[in-house]
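End of the sequence shown = 227 in my numbering, gap-free, step of one.
So the structure is just underneath, and the comments pick up after that.
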Amino acid sequence: GLPAGVPGTDFTEVPHTNVRKVIASRLLESKTTVPHYYLSVDLTIDRLMELRETLNNKAAKDKEGKPAYKLSVNDFIIKACALSLKEHPEVNSSWMDTFIRRYNYVDVSVAVATENGLITPIVADADLKGLTTISHEVKQLAAKARDGKLLPHEFQGGTFSVSNLGMMGVTGFSAIINPPQSCILAVGATEQRVVPSADGKFGVSNVVRMTLSCDHRTVDGAVGAQFLQSLRKYIEDPTSMLL
C-alpha cells in the first residue's frame, strides 16, 4: 500500500488566487466588523411546487422538445425576496459612516459556487422581472460565473443576497453577510414533514428552512422578522407574486 503521511512534513501548499484573497478579506471583514444575528423560519412550499409544475408544463417546446423555460424553486425565492424588499426598504440598505443608505432599486445577488470559489452574480431590478426572466438570467449568469466570464457590473453591487445549499442536502445554515449589504438569506433543502391538517388528521408537507442573517446596525430584530413574514406570504401563497 501507499506509505502513510509523514507528520509535520507531508502536505500540499496551494498558493492563494486573487479570487481567494478577495473572498478571504471580505468575509473576514464582514464577520469581524458587522454585528450579525440570525432569524430562521420553516416555510411550506407545497403550493409553490404545484404552481411551478403548472407553469413549467405551460412552457412552449422547440423542435428538439426543449422547453422555453424551466423554473426552479430558487427562482420563486429570488422573486419573493425582491417583492418583500420593496415592502421593507430598511432591509434593502447599507450602513455608511454617517447615514444609512436605502436603495430605491432591488438588485438580488445569487451565490454561485465555482471551482475558483464563491461569486455572487446579480439579478438587477428583480422586483420588476417575471419568473421566466429571472430564471433565464440566473442560468446565464451562473454559467458565465463558472466559466470566469462575468463582467464587473454583473457581480459588483447588489442590495441583498440569496445563498441556496438545499440541492446539497443541507437542512439549514447561517450565511455570512456580503458587505455593504445588510442581509443574506440562506436556503436549505426541501424536506417532507408530517404536519397536522385542518380536519384533525395528518398530512405530509414540503418544508424549507430559511435563515436570514442581518446587520443589526441597519436592521433591528423586529424588522427582520417582518421581512420574513412578507417572505412567508409570497412563498406559501405564490400566486400573490404573479399579481
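Glycine included, every Cβ here is placed at the ideal spot set by N, Cα and C.
Predicted model, so just to flag it, every value in this text is computed and none were measured.
- Quick one: Cα of GLU175 to Cα of LEU115, how far? 23 Å
- Relative to the alpha-carbon of LEU169, which residue among ASP109, MET151, VAL92, ALA110 has its alpha-carbon at the smallest distance? VAL92
- Query: Can you tell me whether DSSP reads MET225 as helix, strand or coil?
  - Reply: helix
- Item | Endpoints, the beta strand (DSSP E) within which VAL92 is located | DSSP places VAL92 inside the beta strand (DSSP E), whose first and last residues are 92 to 94.
- For THR28, does the three-state DSSP call read helix, strand or coil? strand
- Task: Would you kindly report the start and end of the unbroken beta strand (DSSP E) that includes THR116?
- Result: THR116 -> not in any beta strand (DSSP E); alpha helix (DSSP H) instead, spanning 115 to 130.
- Item | the segment 72 to 83 in contact with the segment 199 to 212 per 3-pair CB rule at 8 Å | The count of Cβ pairs closer than 8 Å, one atom from the segment 72 to 83 and one from the segment 199 to 212, reaches three, so the stretches are in contact.
- With 16 other CB atoms within 10 Å as the buried threshold, where does LYS133 fall? exposed
- Message: For LEU23 and GLU138, what's the separation of their Cα atoms in angstroms?
- Response: 29 Å
- Message: Is it buried or exposed, GLU121, if we count other Cβ atoms within 10 angstroms and call 16 or more buried?
- Response: buried
- Neighbourhood of LEU35 by C-beta, 7 Å cutoff - its chain only, sequence neighbours within 5 removed: Counting only Cβ-Cβ distances below 7 Å, and skipping sequence neighbours, we find PRO222, THR223.
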